[in-house]
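Numbering follows numbering that gives the first Met the number 0, with no gaps: position 385 of the sequence shown is 384. Quick reminder that beta carbons are idealized off the backbone N, C-alpha and C, glycines included. Below is one structure; the comments refer to it alone.
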Amino acid sequence: MTTRPIIRLLTTGFLASALAACGDDGNNVSTASESQTQGDDTTTTTNGTNLTPGSVSESETAQPTTETPTTGISDSDTQGTTDSTTTDATTTTSTGTETEGVTEPTPECGNGVQEGSEECDDGNAVEGDGCEPTCTITAVCGNGQVEGGEACDDANTDDGDECSADCLTSTPAQDCGNGTVEDPEQCDDGNQEPGDGCEPDCTFTPAECGNGVKERGEQCDDGNEVNGGPNDFCLNDCTPFFPANCQAPADYVTCDNTPDVISNKADKTNALKAIGICNVAPNNSIITSNFQFSQAVDNTWQVAKGFGSYTYDHDNDPQTPNRLLYSPREGDTFLMLSSGFIAAPNGQGVVIETPNSQTHDNNGNPDGNVNQVPLPPPFKNVNGSNNGVGGTPFKNCDNGVPNGDKDCSDTLQAQWQMTNGNANDRIYFTFNTTVPAGTFGYTFDFVFCSAEWPSWVGSSYNDLLIAYQVDPTPDDPNQVPPVDPYSGNVTFIPNPNNPASGLPLTITALDPYYDGPGYTYAEPQLAGTGFEQHACTDWFTAKGGVQPGAEVTIGFFLADMSDQYLTTVALLDNFRWDCEGCVPSEVDDCGVQPM
Numbered sequence: 000m001t002t003r004p005i006i007r008l009l010t011t012g013f014l015a016s017a018l019a020a021c022g023d024d025g026n027n028v029s030t031a032s033e034s035q036t037q038g039d040d041t042t043t044t045t046n047g048t049n050l051t052p053g054s055v056s057e058s059e060t061a062q063p064t065t066e067t068p069t070t071g072i073s074d075s076d077t078q079g080t081t082d083s084t085t086t087d088a089t090t091t092t093s094t095g096t097e098t099e100g101v102t103e104p105t106p107e108c109g110n111g112v113q114e115g116s117e118e119c120d121d122g123n124a125v126e127g128d129g130c131e132p133t134c135t136i137t138a139v140c141g142n143g144q145v146e147g148g149e150a151c152d153d154a155n156t157d158d159g160d161e162c163s164a165d166c167l168t169s170t171p172a173q174d175c176g177n178g179t180v181e182d183p184e185q186c187d188d189g190n191q192e193p194g195d196g197c198e199p200d201c202t203f204t205p206a207e208c209g210n211g212v213k214e215r216g217e218q219c220d221d222g223n224e225v226n227g228g229p230n231d232f233c234l235n236d237c238t239p240f241f242p243a244n245c246q247a248p249a250d251y252v253t254c255d256n257t258p259d260v261i262s263n264k265a266d267k268t269n270a271l272k273a274i275g276i277c278n279v280a281p282n283n284s285i286i287t288s289n290f291q292f293s294q295a296v297d298n299t300w301q302v303a304k305g306f307g308s309y310t311y312d313h314d315n316d317p318q319t320p321n322r323l324l325y326s327p328r329e330g331d332t333f334l335m336l337s338s339g340f341i342a343a344p345n346g347q348g349v350v351i352e353t354p355n356s357q358t359h360d361n362n363g364n365p366d367g368n369v370n371q372v373p374l375p376p377p378f379k380n381v382n383g384s385n386n387g388v389g390g391t392p393f394k395n396c397d398n399g400v401p402n403g404d405k406d407c408s409d410t411l412q413a414q415w416q417m418t419n420g421n422a423n424d425r426i427y428f429t430f431n432t433t434v435p436a437g438t439f440g441y442t443f444d445f446v447f448c449s450a451e452w453p454s455w456v457g458s459s460y461n462d463l464l465i466a467y468q469v470d471p472t473p474d475d476p477n478q479v480p481p482v483d484p485y486s487g488n489v490t491f492i493p494n495p496n497n498p499a500s501g502l503p504l505t506i507t508a509l510d511p512y513y514d515g516p517g518y519t520y521a522e523p524q525l526a527g528t529g530f531e532q533h534a535c536t537d538w539f540t541a542k543g544g545v546q547p548g549a550e551v552t553i554g555f556f557l558a559d560m561s562d563q564y565l566t567t568v569a570l571l572d573n574f575r576w577d578c579e580g581c582v583p584s585e586v587d588d589c590g591v592q593p594m
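Next up, the structure:
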């Protein structure tokens, strides 16, 4: 039977390369079409056992194959530990048997029956009795199991070893080259090859401008010696070139440098300011209209100056102070969205969470099946390629037709079918903006952290981040190249098993990346995030392609799919126009970019 690999390859690199190179055979990441659904739990095993989401497979609870006695996955990381009344849909097999997804029961915490994604349910609301009122297991430091609120547990309460006496600090012994990042390492890719992103001494390979790879500190790198000009949008110092016909701002004003931006939740436009949208003037900022923010509970979103406590030498200069890994990409702050709750920032504006604490349940934001609680405009969970029929991802989008502007990436419909449309703890915002003349795209940076990983990879508990755009520009097949404006999901990942298609941004699609360059388990980059024993990405950039002069609608949406348990957090920042843009039909040109 297949078990989860534990080798960590923490180097900088391209997400699509990680997806293709991490040995994934398509069992954990697959495009769910009419004949195949992503979240079928049978895809995580090779022994032929059919599982339902309410049952436990060995692959969900198995300890990593590498010996990690103080930081292994415990039973408290497992959501479904009972045989429930779940109806098992037809299983997907290698022969392509048709499936309609899996049906999940709605857990009722406190009824004395462990259901769905609950860790336990003792039928009462007594704290500290082994099962918390949130139906999560009470942490007991020293029992050898890493539970909620603990960063490690080595079966004792002694200091001076690899786990502190209070189970809050993990300090494994450093062994550069073992594939696991341990302080004070910056990275550890498990080899001794120089120049591959992580050096033999476990420091990052310095950026080399001009090698065609966008690396830390570079804004672009096109790998040529052309210093800007026609069809060249990157200068030789790896900064963007702005052609004369591109009216996007070359320099942007900063508007998130006052305390009010962090503290004033009544002014939801602070969310825009946090991601770099200032609405000052077209020559120095992005101008928006019709801004809409969901009726979100205040502690489910936050403007912050930092997240977590891990710092690193960002400029390879020992004379300058280290920087937080999760620090702003522009200006002074970034935006956090959560399917759970976010701790209040400290005096420095930094959000620091209790170790392994992201196990919240219902956070008070809207829940429900999309048939009863429809998605707000502009988000649509129906295939939009092939003029609305689907089947030709990213091509022939159904823009501007009645009931059109559906998802031309064809990445969202199967995700909704798999979860029966249950999108809970929803938080979202949208705005309109007019694309400047000579501008063909936009970019933004994001981080995706989830406590659903690793236990629920390949299941319907597959929390989802969507960035969605609608471009109403009419088609023009006579232009060279033809104009086929794009509406749909922008946060897609190239499918390593089908280069012509994409995958939505979920833990299942990100699993090979998490098993590669991502930050997981007890690695120090997760310190202070609350996702210890789970996973976060590094900062990534996503790119959308638009038409000059179009009034586009853009929205961001985060939801806890299928249930209300285990938190997912997204960080957003640095929304900027991009003169060059991208071509959506070239799957690896738009969507998630190298970083």
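Same chain, Cβ closer than 7 Å to residue i, neighbours up to 5 away in sequence not counted
i: Y513; result: W452, T519, A534
i: T156; result: C140, G141, A164
Same chain, Cβ closer than 6 Å to residue i, five either side skipped, listed in chain order
i: Q592; result: T540, K542
i: L323; result: G305, T310
i: I274; result: L334, L571, D572, F574
i: C21; result: In this prediction, C21 has a pLDDT of 39, which is less than 50 and means its spatial position is unreliable; what the coordinates show is noted afterwards. The answer, listed in chain order, is P511, D514, G515.
i: P583; result: F393, Y485, G544, C589
i: S73; result: Confidence is the limiting factor: at S73 the pLDDT is only 32, short of 50, which leaves the residue's position unreliable, though a coordinate-based value still follows. Cβ neighbours of S73 beyond the five flanking positions: Q144, V145, E146.
i: A342; result: V350, E352
i: T204; result: G194, G196, E198
i: D182; result: P523
Between the CA atoms of residue j and residue i - distance to the nearest angstrom
i: F530; j: G305; result: 15 Å
i: D572; j: T442; result: 10 Å
i: G590; j: A280; result: 28 Å
i: P248; j: S293; result: 29 Å
i: C197; j: D366; result: 43 Å
i: Q291; j: I553; result: 11 Å
i: C134; j: P498; result: 41 Å
i: L525; j: L336; result: 17 Å
i: I276; j: E161; result: 44 Å
i: E579; j: V302; result: 30 Å
i: G440; j: T536; result: 24 Å
i: D189; j: N315; result: Looking at the sequence shown, residue 189 is not Asp but Gly. For G189 and N315, the distance between alpha carbons rounds to 21 Å.
i: A466; j: L504; result: 10 Å
i: A413; j: Q173; result: 43 Å
i: R215; j: W300; result: 28 Å
i: Y460; j: N488; result: 20 Å
i: V372; j: N321; result: 46 Å
i: C581; j: A265; result: 36 Å
Cβ shell of residue i (< 8 Å), same chain only, five flanking positions each side left out
i: D200; result: C175
i: D128; result: D121, T137
i: C208; result: E217, D220, N235, D236, C237
Integer-rounded CB distance, given that residue j should sit under 8 Å from residue i
i: N283; j: V252; result: 5 Å
i: G399; j: P471; result: 6 Å
i: N362; j: S338; result: 7 Å
i: M560; j: N370; result: That pair is no contact at about 15 Å.
i: C396; j: P484; result: 7 Å
i: D187; j: G178; result: 6 Å
i: N423; j: D562; result: 7 Å
CB contact flag (residue i, residue j, <8 Å)
i: D231; j: D221; result: yes
i: L167; j: Y325; result: no
i: N386; j: D409; result: no
i: N419; j: N368; result: yes
i: E118; j: E107; result: no
i: F574; j: I285; result: yes
i: V456; j: I506; result: yes
i: F378; j: A270; result: no
i: W538; j: D444; result: yes
i: N244; j: N235; result: no
i: C151; j: A450; result: no
i: D360; j: D255; result: no
i: T170; j: Q185; result: no
i: P354; j: E126; result: no
i: V551; j: Q416; result: no
Beta-ladder partner(s) of residue i, from DSSP
i: E550; result: T433
i: A422; result: M560
i: V591; result: A541
i: I492; result: L502
i: W576; result: Y441
i: Q468; result: G487, I553
i: Q291; result: T429
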